[in-house]
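Shown next, in structure tokens, is the structure this report addresses.
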Amino acid sequence: YTTLFRSSRHQAKSCWPRENWSWPRPQQDNGAYLLDSEEDWFWLRDNPGVNARFAADIALTHDPLPIETFSGTIDGAGHTLTISNDVWLAYDSNPALVRTLTGTVKNLTIDLYGRVVSRASRWNDTTVNTNANTLATNVTHNAAVLAANLGAGGVIDGVELTLHPGSEVQGPRLVAGLAANVWVPNGSHAEIRNCRVHVEGVVRALARNT
-7 YTTLFRSSRH QAKSCWPREN WSWPRPQQDN GAYLLDSEED WFWLRDNPGV
43 NARFAADIAL THDPLPIETF SGTIDGAGHT LTISNDVWLA YDSNPALVRT
93 LTGTVKNLTI DLYGRVVSRA SRWNDTTVNT NANTLATNVT HNAAVLAANL
143 GAGGVIDGVE LTLHPGSEVQ GPRLVAGLAA NVWVPNGSHA EIRNCRVHVE
193 GVVRALARNT
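Numbering follows the numbering used here, with no gaps: position 97 of the sequence shown is 89.
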């Protein structure tokens, strides 16, 4: 019964529209798109060079696909982005909300109740099927809640992240809360300032399973 329940719940996750889905364009105000729903966050993934501002708190209740590279500005405007209890950011390469951040994220609170893990999918977990998970092969990838990689020009300013009890960030190499890996070429810069991370969950890097 437990296995059937888990399978049904995970299948429900996959019913959420993902690829080849045209999300409605949010309204604009003073040059910024206003985000006030989960659908708006999914739209942002497909438009990663824009300026956006939160107009309300947003709760992610479906597994989000990562934003590959974000070069615009996300202004949380004091609002909260919640990654709900049964939500996984599970990918075999750089699991995070943003894989590479070269833009700005500011004035945002992030509450993690779910999991950020390096897996081919949420079905492949070390506690269920060690041979199926991806940690043994993708040892160069990083894991973080906000940005797996903070690149040239990237700024994280005034962001407060809480890993609540039961939450987890797990990967094979560099693992962190806000940004796992910060790298910029000579002559450029990236910044993390005025930020706080509260860890009541688990942050861990795992070695090769072999």
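Built from N, CA and C at the ideal position, the CB exists for glycine as well.
From a predicted model like this one, the values you see are computed outputs, not experimental measurements.
Straight across, the Cα-Cα distance linking L57 with V97 is about 18 Å. Measuring C-alpha to C-alpha distances from Q162 to each of D38, D32 and L81 identifies L81 as the nearest.
E192 has its alpha-carbon roughly 28 Å from the corresponding atom of F62. Shortest Cα-Cα distance from G68 to any of L27, R91, S76 and L52 involves L27.
Nearest neighbour of V147 by Cα position, chosen from T92, A51 and S29, turns out to be T92.
In this structure, H156 sits near D103, with a CB-CB distance shorter than 8 Å. The C-beta separation of A48 from H71 comes to about 6 Å, placing the pair in contact by the 8 Å criterion. Rounded to whole angstroms, V174 and T53 show a C-alpha spacing of 29 Å. Residue environment analysis places P87 among the buried positions, since at least 16 neighbouring C-beta atoms fall within 10 angstroms of its C-beta. Annotation: the continuous alpha helix (DSSP H) that includes L36 extends over E30 to R37. The Cβ neighbour count for S110, taken over all protein chains shown within 10 Å, is at least 16; the residue is labelled buried.
Taking E152 as the centre and dropping the five residues before and after it, the same chain places the C-beta of T101 and R188 closer than 6 Å to its C-beta, in chain order. As summarised for the segment 30 to 111, the continuous beta strand (DSSP E) elements at least 3 residues long and confined to that stretch are 43 to 46, 50 to 52, 59 to 62, 65 to 67, 72 to 75, 80 to 83, 90 to 93, 96 to 104 and 107 to 110, given in chain order. The beta-carbon separation of A144 and V176, rounded to 4 Å, stays under the 8 Å limit for a contact. Annotation: R165 to S159 spans about 19 Å, alpha carbon to alpha carbon. Taking C-beta atoms as the reference points, A136 and A182 fail to come closer than 8 Å. The C-alpha of I75 lies about 22 Å from the C-alpha of R17.
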